[in-house]
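Notes to accompany the following structure.
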Amino acid sequence: MAHTSMRECALDLARAGYLLRIEAEVDPELEMAEIHRRVFRASGPALYFARVRGCRFPMASNLFGTLERARFIFRDTLESVRRLIELRVDPGAMWQAPLRFAGVPRTLWRTRPRKVAGGPLFAHQISVSELPHLRCWPDDGGAFITLPEVYTEDANRPGSKSSNLGMYRVQLSGGTYQKDREVGLHYQIQRGIAVHHQAALARGEPLFVNIYVGGPPALTIAAMMPLPEGMPELAFAGALGGRRVHLAHQKGWPLPICPDADFCILGEIHPGELRPEGPFGDHLGYYSLRHDFPCVRVRRIYHRTDAVWPFTVVGRPPQEDSVFGRLVHELAGPLIPALLPGVRAVNAVDAAGVHPLLLAVGSERYQPFAERSEPQELLTQAHALLGQGQLSLAKYLFIVAENDDPALRPSDVPAFFRHLLERVDWRRDLHFQTRTTIDTLDYSGPGLNRGSKVVVAAVGGKRRDLPAAIPADLRLPDGFSDPRVVLPGVLAVRAPAHVATAEGAAADVTAFCAGLPAADAICAFPLIVLVDDSDFCARNLDNFLWVTFTRSNPAVDIAGIAAATLYKHWGCAGSLVIDARSKHHHAPPLVEDPAITARVDKLFAQGGPLAGIEK
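Its first residue numbered 1, the sequence shown is counted upward by one per residue in the numbering used here.
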């Protein structure tokens, strides 16, 4: 059905048995977030908090907490959106199967925003202090909006056709913001709002923003969609929501406003006005620290009479945003081969924090008569991936050829690693970008947005068998201990605490590699990961992915046994070694408050309002 508000969506979920209403008073200061995390881990229901301490508005979370529930919300429109995407991939498909695409004209019509005179949003005005103030992690710098939908337009091309709707976090309290007059707006690198901000700065003008919360749930998904630049998210929201997005104008405000939102902050960002924003517990599983980001001068705040404040909680994956990612991939995944010829499929690995690790299956097509002895077209495809929107933030890109195993899928992470490690030649297959941009939230590099990348491209037949057990003759240099097999061919080794060096790899990693020849027994493992706790790293696949790829900067933290540089190309004849220890410049990991955990335990205990959800 076409939901027109967050309350309508919540009632629909409740009727279908997907939502639990909680009547007990719950505190938005840490308690509500921990409830959400535990219910999400248990694959539990959406949550409606009817009584929020210190706030008159109800709050809702975990609405998209399972893929089944996300599909249910958009049950009437998913197929029509898929048809549009099919036509984008193959425009000629309509003439081959016209009945299959009979609904496309109606869906296209819904992509056009509709001008209206008013709407329920404008019923009331309030201040920032009266909004729900959610704090999710103990060291968060204040209260944040965790599901904001931030609307901006291009100052050089005003109008919704050149608009951007993005999910950029908003800090409501803490820091140095003037109470009820300012809020913080944090946007990351490679986000569409930056283009609009730059245009406004060039003209010496403020950037006007509408910060929506709630409204039709299609707005939430549209705000996270990695759409091509120039394609407005409002058009996608209309198609997915089954209803044209309504836009109204208010006297004295230059932007159109969606009158179906539950809340909307109208504000402007003036040139040069920055404030320290953060810290904030973020989706890599660490805090993003305090940095200067734009400050929004608040003009007005509207809300509906029946307003519901939706929120999510981010942290070490998987979290609810993992489900968002899977839904987006379901919809947009088929576009990859059309946008990037030769690339068959990609997987931005959620357990590794999405941007740190990208797995891809490409193809070697241009010399079908030649033996595939080394990567050729795969490298072209790798660079194309690193030039594509948010995929450009990938820090590790592992790419293999479909020709070598047509059944391989990057979504099967253990199978992908096995395939790659059986074929990789570390002397040939490593390709570095040593000084470049990485995800704003990734602190493995030397500074904000700064780091490196590595492409590993492997083709050809199987080169080695991968050990699944530790050989009896395995030896480790002094100070290194507790080897654990993570996956076939992957060995985690406990290393001493990291000691920073002025430049390059840590001295003990250099010594580790120098003390072992390429013929040593340990080199039966093509990949060695040096970690603080090898038992934790090897305990499950998610731990390995999280530790290895969030705690290493390729150009600094990759070393190798029997390494050499030939024609400025670095490689190694023995094992590749990744230093994935915690380092002094890394952001601290997220840890819950024990006192809050004890309080929440009572809600899940027998007789509590959440009893039975955790098995």
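Virtual Cβ for every residue (Gly too), placed ideally from N, Cα, C.
Between which two residues does the beta strand (DSSP E) harbouring R186 extend? Locating residue 186 in the sequence shown gives position 186, counting from the first residue. Looking at the sequence shown, residue 186 is not Arg but His. Per DSSP, H186 belongs to the beta strand (DSSP E) from E182 to H186.
Can the beta-carbon of M59 be found closer than 8 angstroms to that of W426? Sequence index remark: in the sequence shown, residue 59 carries index 59 (1-based). Sequence index remark: in the sequence shown, residue 426 carries index 426 (1-based). Contact check for M59 against W426 fails: the beta carbons are separated by 8 angstroms or more.
How far does the beta strand (DSSP E) with W570 in it extend, from its first residue to its last? Within the sequence shown, residue 570 is the residue found at index 570, counting from 1. Looking at the DSSP string, the run of the beta strand (DSSP E) that includes W570 is H569 to C572.
Residue interval of the beta strand (DSSP E) (run including Q433): If you number the sequence shown from 1, residue 433 lands on position 433. Element bounds for Q433: L430 to T437.
Take V499 as the anchor and find which of E86, H586, P341 and T4 has the nearest alpha-carbon. Translated into positions along the sequence shown, residue 499 becomes position 499. Residue H586 is the option with its Cα nearest to V499.
Using only the alpha-carbon positions, how far apart do V39 and P45 sit? To locate residue 39, count along the sequence shown from 1; it is residue 39. To locate residue 45, count along the sequence shown from 1; it is residue 45. Computed Cα separation, rounded: 7 angstroms.
What is the rounded straight-line gap between the Cα of H186 and the Cα of A595? For this step, residue 186 is matched to residue 186 along the sequence shown. For this step, residue 595 is matched to residue 595 along the sequence shown. Rounded to whole angstroms, H186 to A595 spans 30 angstroms at the Cα level.
Can you tell me whether D465 is buried or exposed? The criterion is at least 16 other CB atoms within 10 Å of its CB, across all chains shown. Taking the sequence shown and counting its residues from 1, the one referred to as residue 465 is at position 465. When all chains shown are included, D465 counts as exposed.
In whole angstroms, what separates the C-alpha of V361 from that of V104? Along the sequence shown, one-based indexing puts residue 361 at 361. Along the sequence shown, one-based indexing puts residue 104 at 104. Their Cα atoms are separated by approximately 31 angstroms.
Please report whether the beta-carbon of A360 lies at a distance below 8 angstroms from any beta-carbon of chain C. Here there is only one protein chain, and chain C is not present.
Taking 8 angstroms as the threshold, find out whether the stretch 450-468 comes into contact with the stretch 400-411 through three or more Cβ pairs. Contact between the stretch 450-468 and the stretch 400-411 is present, because at least three Cβ pairs lie under 8 angstroms.
Which partner residues does K453 have in the DSSP bridge list? Numbered from its first residue, the sequence shown carries residue 453 at position 453. BP columns for K453 point to Q433.
Run through DSSP, which three-state label would R423 get? Numbered from its first residue, the sequence shown carries residue 423 at position 423. Helix.
CB contact flag (G215, S5, <8 angstroms): Residue 215 sits at position 215 when you count from the first residue of the sequence shown. Residue 5 sits at position 5 when you count from the first residue of the sequence shown. In this structure, S5 lies closer than 8 angstroms to G215 by Cβ.
Note down the Cα distance separating A497 from R475, rounded to an integer number of angstroms. By one-based count along the sequence shown, residue 497 stands at place 497. By one-based count along the sequence shown, residue 475 stands at place 475. Roughly 20 angstroms between the two C-alpha positions.
Of all the beta strand (DSSP E) runs that stay within the bounds of the stretch 507-541, which reach a length of 3 or more residues? 527-531
Taking the alpha carbon of K251 as the reference point, which residue from P271, R300, A223 and R243 has its own alpha carbon closest? Against the sequence shown, residue 251 aligns to sequence position 251. Minimum Cα distance to K251 is reached at R300.
Which first and last residues belong to the alpha helix (DSSP H) in which V328 is found? By one-based count along the sequence shown, residue 328 stands at place 328. Run containing V328: E320 to A332, per the alpha helix (DSSP H) assignment.
Mark H584 as exposed unless 16 or more other C-beta atoms lie within 10 angstroms of its C-beta, in which case mark it buried. Counting from one through the sequence shown, the residue named residue 584 turns up at place 584. H584 comes out exposed.
So what does DSSP say about T565, is it helix, strand or coil? Walking along the sequence shown from the start, residue 565 turns up at place 565. It is a strand residue.
Pair within 8 angstroms by beta-carbon distance, P629 and R7: The structure shown does not extend to residue 629, since the chain spans only 1 to 615, so no value can be given for it.
Taking the straight line between their C-alpha atoms, what separation do you get for F293 and E277? As a working note, residue 293 is residue 293 in the sequence shown. As a working note, residue 277 is residue 277 in the sequence shown. C-alpha separation (whole angstroms): 6 angstroms.
Rounded to whole angstroms, what is the Cα-Cα separation between T111 and P232? Taking the sequence shown and counting its residues from 1, one reaches residue 111 at position 111. Taking the sequence shown and counting its residues from 1, one reaches residue 232 at position 232. C-alpha separation (whole angstroms): 9 angstroms.
Let me know the secondary structure DSSP gives R110 once reduced to three states. Counted from its first residue, the sequence shown places residue 110 at position 110. DSSP places R110 in helix when its eight states are reduced to three.
For the alpha helix (DSSP H) that contains A10, what are its first and last residues? The count along the sequence shown starts at 1 and reaches residue 10 at position 10. First-last of the alpha helix (DSSP H) with A10: M6 to R15.
Closest by C-alpha distance to Y567, when choosing among D542, R428, L274 and F549: Position 567 of the sequence shown, counted from the first residue, corresponds to residue 567. Looking at the Cα atoms, R428 is the closest of the given residues.
Run through DSSP, which three-state label would M225 get? As a position in the sequence shown, residue 225 is number 225, starting the count at 1. M225 falls in the coil class under three-state DSSP.
Environment of D478 [buried if 16+ CB atoms lie within 10 Å]: If you number the sequence shown from 1, residue 478 lands on position 478. It counts as exposed.
Determine, using beta carbons only, whether P113 and S160 come nearer to each other than 8 angstroms. Here residue 113 refers to the residue found at position 113 when the sequence shown is read from its first residue. Here residue 160 refers to the residue found at position 160 when the sequence shown is read from its first residue. Contact flag set, yes.
Between L391 and the rest of its own chain, which residues show a CB-CB distance below 6 angstroms, the 5 nearest in sequence each way excluded? As a first step, residue 391 must be located in the sequence shown, where it is residue number 391. Cβ neighbours of L391 beyond the five flanking positions: L385.
Taking A394 and H355 to be in contact with their CB atoms under 8 angstroms, please state how far apart those CB atoms are, rounded to whole angstroms. Mapped onto the sequence shown, residue 394 falls at position 394. Mapped onto the sequence shown, residue 355 falls at position 355. Sure, about 6 angstroms apart at Cβ, within 8 angstroms.
Have a look at the DSSP bridge pairing and note the partners of L247. Sequence index remark: in the sequence shown, residue 247 carries index 247 (1-based). Answer by DSSP bridge pairing, in chain order: K115.
Quick test of your reading: V213 and F263, contact by CB under 8 angstroms. State the CB separation rounded to the nearest angstrom. Within the sequence shown, residue 213 is the residue found at index 213, counting from 1. Within the sequence shown, residue 263 is the residue found at index 263, counting from 1. V213 to F263, Cβ: 4 angstroms. Contact.
Straight-line CA distance for R599 to V26? As a position in the sequence shown, residue 599 is number 599, starting the count at 1. As a position in the sequence shown, residue 26 is number 26, starting the count at 1. Straight-line Cα distance between these residues: approximately 11 angstroms.
For L108 and A237, what's the separation of their Cα atoms in angstroms? For this step, residue 108 is matched to residue 108 along the sequence shown. For this step, residue 237 is matched to residue 237 along the sequence shown. The straight-line gap from Cα to Cα measures roughly 11 angstroms.
So the candidates are T548, H431, T510 and L527; which of them puts its Cα closest to the Cα of F536? Taking the first residue of the sequence shown as position 1, residue 536 is located at position 536. Closest by alpha carbon: T548.
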